[in-house]
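Have a look at the structure below before the remarks.
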Amino acid sequence: MKTAAAWVAIVLCALATAAGAQPGSQTAAERAGVPPGNGAISGRVIGASEAGIDIVLYALPTEAEPGLAYATTDAEGRFLFKGVDPNPTTAYLVGARSAGVPFGSRGRFKPGATTLEIDIEVTASSSDASNLRIGEVTLRIDRSCEGIQLRESHQLLNDGQQVIYIPEDQRGSEPPLLRATLPAGASGLTPRTGLLPEGLEQEGNELRFWGPVYPGSQEFEFSYGLAVEGDAISFSRDFPTQVARVAVIAADGGPRISGRRLQAGEPLQIEGRIYRTLEALDIQAGESLEFHVDLPIRAPAPILLVRSQILVEMDDAALEVDEQLVLQVEGSEPLVATHGAPLLCIHLPAGASGLRFDRIGLAMGLGHDPSGALALRGPIPAGNTTLAIGYRIPVGEDGVVFERRFPRHLPLLLINVADTGILAETDRLHRLPTARGNDRSYLRLEAFEIEANEPVRVRFSQLPAPRPTSRLANTGFALVLGAVALLVLIEPLRRAKTSVGTETRQDELAFERESVYAAIRDVDEDFDTGKLTVEDHSRMRAELRRRAIGLLEAERNAQQKPEPATEQHQASARCAACDAELPDSARFCPGCGTAVGGEGQQA
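Position 163 (the sequence shown) corresponds to 162 in numbering that gives the first Met the number 0; numbering is contiguous.
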């Protein structure tokens, strides 16, 4: 029986969580992610007599995310999934486990049909590996973000009728079905499905595979990376078991490979590209092959970064990051990777895990690189395209330092922080006014003209929880407001009434009103950043608002009252005869006795 290696590992992980499924059938309400509809999938486990076998259904729709559903078999070994989408473009995989070995089958609804029958055939397993042989090993070498990526595919041939599998309790006394020794310095081991298969173990640079190997031919695939300093690398690859043929392939125009015992083979066409082939035959157990790889110099792909917009949300455990990176490809044709090299490498912050990206990223060839970065291999459409990625970073007791580097010059970076009492410290970004939306407030940070690979760092930490304001603090706040009001009342009295160009009462009121407005903004800012409780914010804002309204009314009243005329001081009267100063009520000059108001006297 043949199985699809690309989904067996997924079914294995799903079966591990299927113990809580209810016997018999399962409706749409009891599933998570399987597209709903009026279809039904039924089947039978053939070759297993016991009831209560866990069944997993894996849905692979073309226009939605994959989904899982669980059920168990009845006394007759049958299972049923109701309320599923009968779309013919959706592939359905069903899996079961018997004696620790996973088995599965796949199927699709026919056009117009609402029922689908998928049986799972279970066969006996054995730890006898006498019918197992390794037919061929293929090493595909491509450029990676920081060196080369090697993708190994081992052809396992089971000439018997039973599944070959070595249970855990026998692994101490039996040799593994397959052993592979990775080159020195290998890193970033990744199985084809992205999930480490149940029967695979790694110890240092050695891999051990314990099965299962199903009757017929089966491909066992994984990849890893080697860092390259300069433009070439040499390494060796040990083969603990005998191999009939080792084929080494590389894209035409890509890495140039040479080595002792390697001979030219027939070129291959893979995914529309021509690959050169070198081969070595009859590799004996314990033998090594030596490889030398030259990397041609390549120009950076013509991709521009337009902007990056990042949404950050932090709690006590993790920093959740969702980023939208806008790429620009000039011209009218999609940009495709040549010679197997990535078009763009996106390095994630240290500690990032739980990577997620949408179907647009998948369509553009976004995938893991052995260096830990994301490699974008294309095709990338012409014009502007938004690449959405998300990940999680653990948070320590003192918060977390979020650092981003971009592979190209970035004109604009925007970071929005869901403000739940978070302090953001940075010397590269400047702060924008706080924004509100969906009943939440967001801290906004902005930076311009970020150079390629320039580190942009922000330290995020939790502010201490605000404590309710004490009675003493309330009293102090009232005293402050009273002092402000008193200052406004006595300030005009301190000004000189005769000074020229002094402010009018209206000017004083306007100045004070603007000061109160500024205080309201400060109170709102303290509330947005978690420094004030809801109660304190409401009370303080109401008091300041009341004060601002009072000042505005006073200002309007002052506009309606004319300013009092400035006092004019009359010059003192003097005697016309002797020029002596005359008192206000004098009838005769005290100096010469001349009558005041007489001829020649001045008033």
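C-beta atoms are modelled at their ideal positions from N, C-alpha and C, and glycine is treated no differently.
Quiz item: At a cut of 8 Å, does the stretch 153-167 reach the stretch 95-111 through at least three beta carbon pairs?
Solution: yes
Quiz prompt | Contact set for LEU422: own chain, Cβ-Cβ below 6 Å, skip 5 residues either direction | solution = SER460 and LEU462
Quiz item: Expressed to the nearest angstrom, what Euclidean distance is found between the alpha-carbon atoms of ARG427 and ARG403?
Solution: 12 Å
Practice problem: Using the DSSP secondary-structure output, state which residues sit across from GLU402 in a beta bridge. | Solution: ARG456
Quiz item: Between the beta-carbon of ASP351 and the beta-carbon of ILE392, is there less than 8 Å?
Solution: The sequence shown places Ala at residue 351, not Asp. A contact, by the Cβ cut-off of 8 Å.
Practice problem: Give me the Cα-Cα distance between SER514 and ARG538, rounded to the nearest whole angstrom. | Solution: 18 Å
Quiz item: What do you get for PRO589, buried or exposed, if any count of 16 or more other CB atoms within 10 angstroms of its CB means buried?
Solution: exposed
Quiz item: Does DSSP put ALA462 in a helix, in a strand, or in coil?
Solution: For the record, residue 462 in the displayed sequence is Leu; it is not Ala. LEU462: coil per DSSP, three-state reduction.
Quiz item: Helix or strand or just coil, what does DSSP make of ASN556?
Solution: helix
Exercise. Enumerate in chain order the residues of its own chain whose CB-to-CB distance from GLY592 is below 8 Å, with the five nearest sequence positions on each side excluded.
Key: none
Self-check item: Pairwise C-alpha distance: PRO432 and GLN217
Solution: 59 Å
Quiz item: Any idea what DSSP makes of ARG259, helix, strand or coil?
Solution: coil
Quiz item: Is any heavy atom of the ligand MG found at a distance shorter than 7 Å from the C-beta of THR113?
Solution: Ligands are entirely absent from the displayed structure, and the ligand MG is therefore not among its contents.
Quiz item: Smallest Cα separation from ARG376: which of GLY398, HIS346, VAL335 and GLY389?
Solution: VAL335
Quiz item: What first and last residue would you give for the alpha helix (DSSP H) that runs through ARG358?
Solution: 358-362
Practice problem: Determine contact between the stretch 43-51 and the stretch 118-127, defined as no fewer than three beta-carbon pairs at a distance below 8 Å. | Solution: yes
Self-check item: beta strand (DSSP E) runs wholly inside the stretch 67-141, at least 3 long, in chain order
Solution: 77-83, 90-97, 100-106 and 114-116
Self-check item: Rounded separation between ARG546 and LEU326 - CA only
Solution: 51 Å
Practice problem: Compute the Euclidean distance between the alpha carbons of ALA243 and ALA50, then round it to the nearest angstrom. | Solution: 44 Å
Quiz item: Can you tell me whether DSSP reads TYR516 as helix, strand or coil?
Solution: helix
Exercise. Can you say whether ILE40 is buried or exposed, counting buried as having 16 or more other CB atoms within 10 angstroms of its CB?
Key: buried
Quiz item: Does the stretch 382-390 come close enough to the stretch 351-360 that 3 or more CB-CB pairs lie under 8 Å?
Solution: yes
Self-check item: Cα-Cα separation between ALA603 and SER222, rounded to whole angstroms
Solution: Nothing about residue 603 can be reported from this structure: the residues present for the chain run from 0 to 602 only.
Exercise. Starting from the C-beta of THR425, find all residues in its chain whose C-beta is less than 6 Å away, skip the five residues before and the five after it, and write them out in chain order.
Key: VAL457
Quiz item: Going by the CB atoms, is the gap between THR113 and SER38 shorter than 8 Å?
Solution: Before going further, note that residue 38 is Gly rather than Ser in the sequence given. Result yes, Cβ atoms of GLY38 and THR113 sit closer than 8 Å.
Quiz item: Taking the C-alpha atoms as reference points, what is the distance between GLY500 and GLU507?
Solution: Residue confidence for GLY500 is low, a pLDDT of 40 falling below 50, so the modelled location carries little weight and cannot support an answer.
Exercise. Please name the residue, chosen from ARG105, PHE238, ALA594 and ALA70, that lies closest to LEU59 on a Cα-to-Cα basis.
Key: ARG105
Exercise. Could you give the DSSP three-state label for ALA576: helix, strand or coil?
Key: coil
Quiz prompt | ARG132 versus VAL394 - alpha carbon distance | solution = 48 Å
Quiz item: Is ARG236 buried or exposed, if buried means 16 or more other CB atoms sit within 10 Å of its CB?
Solution: buried
Quiz item: Three or more C-beta pairs closer than 8 Å, one from the stretch 267-282 and one from the stretch 369-383: is that the case here?
Solution: no
Practice problem: For the beta strand (DSSP E) holding HIS291, just list the boundary residues, first then last. | Solution: 286-293
Self-check item: Residue of ILE147, GLY187 and TRP209 minimising C-alpha distance to PRO166
Solution: TRP209
Exercise. Could you tell me how far apart the beta carbons of CYS144 and ALA349 are, in whole angstroms, since I believe they sit closer than 8 Å?
Key: Not confirmed; about 16 Å, so no contact.
Exercise. For LEU261, I'd like the list of residues in its chain whose CB is within less than 6 Å of its CB, leaving aside the five on either flank, ordered along the chain.
Key: LEU277 and ALA279
Exercise. Assign VAL55 to one of two classes, buried (16 or more other C-beta atoms within 10 Å of its C-beta) or exposed (fewer than that).
Key: buried
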